[in-house]
Amino acid sequence: MSALTPVRAFRKTLLGLAVAGTLGAAQAHAGEVEVLHWWTSGGEARAANVLKQLMEDEGHQWEDFAVAGGGGETAMTVLKSRAMSGNPPSAAQIKGPEIQEWGELGLLGSLDDVAQSEGWDDMLPDVVADVMKHDGNYVAVPVNVHRVNWLWANPKILEEAGVELPTTLDEMFAAGEAIREAGYIPLAHGGQPWQDATVFESVLLASAGTDFYRRAMVDLDPDALGGEEMIQALETFKRTRELMDDDMSGRDWNIATSMVISDKAAMQLMGDWAKGEFTAAGLTPGEDYLCAPAPGTQDAFTFNIDSLAMFQVSDDSEREAQKTLARLVLEPEFQEAFNLAKGSIPARPDLDMSEFDTCAQQSLEAFQQTAEEGGLVPSMAHGMAVRSDVQGAMFDVITNFFNSPDMDAEQAAQRMVNAAQAAL
Ligand code: BGC
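All residue numbers for the sequence shown refer to the working numbering, where the first residue is 37 and numbers rise by one.
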């Protein structure tokens, strides 16, 4: 019996294909880029359209390869099967350590020439640039910086329930009771593994702090994963179910956001792509909806950087189109228009932010402050902290624990230790 995990087995098969030279056959027409992404909600699609438009304005063809499914798990499965069949798209939304996985397979093309002529090294913060490089070469271009640890709220419901925006987990649970009594759902949520993990990591940060978060979610330290602080965080995480509704199972994240928009639910714990939905609905922060750091995480910034990685192609015009795409992504025009629609902040910090709303201004300030003072941590739920096999194993534990009445927090913590060990 093979001792390989499915993910490792996949890597091995791909490596075989790459070595056998079956990848990289030019499939596209001249000047065409096929771009795989999972930006399919209202706000996300508006944002993706900015790039499509800019590419078309430059005379290139954009072949949209959108794969629905928040968090991108489905998109990554589809990408793997396309790569396995020797026909990857020219560009794909790949993030964090997963960029290294594709780089190790030798499938990504270098963007160093564009990076050099555009001065990316000087333009990008190190924390962003590092993620985009494999073996010291740029293989991906950053699109934005999302903050994951946000709370979104409906001010009318909070007022009717007589509560303020919670700043601690205790306040959140107390507010939840009052909101429930006023006849609303306290916390909009979609029961999908990546959404459970999104809530979990914010609760973990609030409950155990950023140093602990790093030890557990980035370093995978077994003492942290299996320790008392983790057990407590898991217990608190499970309590957030009290704030959710019975129909959450399988619900998409943007449907959960729409419950806050349509006065059904008071709050949502979600990254700032949720703001893209409020924006698409024509709403104004501070008036129609509120944004605040997830309760208890004021000193932290969980970052999630979207990026587009380019696959090696042999067709010259396709290569040209890839280079244009990479250049456009970091130009001010794209950075502003895309991020205004997407809810994120620009990947380069030197841009005029006057068009951005208060939530984005707050996000930029928090990013800079946490980068200087500590507190800037990669999101595990959004593929920035650990490689995809570890992330998958963590998702399983978190979701099973969240949904199982029989598993206690000690067992879940132990399973996290095992999951991390098995994947290492
Ligand atoms: C991505 C975002 C996307 C969100 C919901 C995150 O992992 O980084 O760009 O909007 O998932 O699909």
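C-beta atoms are modelled at their ideal positions from N, C-alpha and C, and glycine is treated no differently.
* With DSSP collapsed to three states, give me the class of Tyr-325. => Tyr-325 falls in the strand class under three-state DSSP.
* Length of the line joining the Cα atoms of Glu-446 and Leu-326 -> Answer to the nearest angstrom: the Cα atoms are 36 Å apart.
* To do: May I ask you to verify whether the region 128-147 touches the region 433-449, counting CB pairs closer than 8 Å and requiring at least 3?
  => The region 128-147 makes no contact with the region 433-449, as fewer than three CB pairs between them are under 8 Å.
* Residue from Asp-335, Ile-297 and Met-416 with nearest C-alpha to Thr-234 -> Of the candidates Asp-335, Ile-297 and Met-416, the residue whose Cα lies closest to the Cα of Thr-234 is Met-416.
* Check whether the region 104-111 touches the region 219-235, taking contact to mean three or more Cβ pairs, one atom from each stretch, closer than 8 Å. => Segments in contact, yes.
* For the beta strand (DSSP E) containing Ile-221, list its first residue and its last residue. => Unbroken beta strand (DSSP E) run through Ile-221: 221-223.
* According to DSSP, is Lys-169 helix, strand or coil? -> Secondary structure at Lys-169: strand, using DSSP grouped into helix, strand and coil.
* **C-beta atoms of Ala-260 and Phe-337 nearer than 8 Å** => Not in contact: Ala-260 and Phe-337 (Cβ atoms no closer than 8 Å).
* Alpha carbon to alpha carbon, how far is Glu-195 from Ser-298? Give it in angstroms, no decimals. => Approximately 15 Å, taken between the alpha carbons.
* How far does the beta strand (DSSP E) with Phe-347 in it reach, from first residue to last? -> Counting along the chain, no beta strand (DSSP E) covers Phe-347, and no H or E run does either.
* To do: Over the uninterrupted beta strand (DSSP E) stretch that includes Glu-99, give me the two end residues.
  => Taken as a continuous stretch (DSSP letters only), the beta strand (DSSP E) holding Glu-99 covers 97-102.
* To do: Please confirm if the region 334-352 is in contact with the region 210-223, defined as three or more CB-CB distances below 8 Å between the two stretches.
  => Fewer than three Cβ pairs drawn from the region 334-352 and the region 210-223 lie within less than 8 Å of each other, which leaves the two stretches out of contact.
* Give a yes or no on whether the C-beta atoms belonging to Val-181 and Ile-341 are separated by under 8 Å. => In this structure, Ile-341 lies closer than 8 Å to Val-181 by Cβ.
* **Top-ranked residue by Cα proximity to Glu-68, from Ser-126, Ala-84 and Arg-118** => Check the Cα spacing between Glu-68 and each of Ser-126, Ala-84 and Arg-118: the tightest is with Ser-126.
* To do: Helix, strand or coil for Ala-61, going by three-state DSSP, please let me know.
  => Because Ala-61 carries a pLDDT of 41, less than 50, the predicted location of this residue cannot be relied on, and the following value inherits that uncertainty. Assigned with DSSP and collapsed to three states, Ala-61 falls in coil, not helix or strand.
* To do: Please state whether DSSP places Met-303 in a helix, a strand or coil.
  => Met-303: strand per DSSP, three-state reduction.
* DSSP beta-bridge partners for Trp-188? -> Residue pairing for Trp-188: DSSP places it in a beta bridge opposite Gln-304 and Cys-327.
* To do: Would you tell me roughly how many angstroms separate the C-alpha atoms of Arg-363 and Ala-128, rounded to the nearest one?
  => When the Cα atoms are used, Arg-363 and Ala-128 turn out to be separated by approximately 15 Å.
* Asked: When the Cα of Gly-155 is compared with those of Tyr-174, Ala-119 and Val-167, which residue comes out closest?
  -> Checked all of Tyr-174, Ala-119 and Val-167; the closest Cα to Gly-155 is Tyr-174.
* Are there three or more Cβ pairs, one per stretch, closer than 8 Å when the region 284-295 is compared with the region 256-273? -> Touching, no.
* State the DSSP-derived secondary structure class of Arg-216, mapped to helix, strand or coil. => Secondary structure of Arg-216 (DSSP, three-state): helix.
* Asked: When the distance is taken between beta carbons, is Leu-187 closer than 8 Å to Leu-305?
  -> In this structure, Leu-305 sits near Leu-187, with a CB-CB distance shorter than 8 Å.
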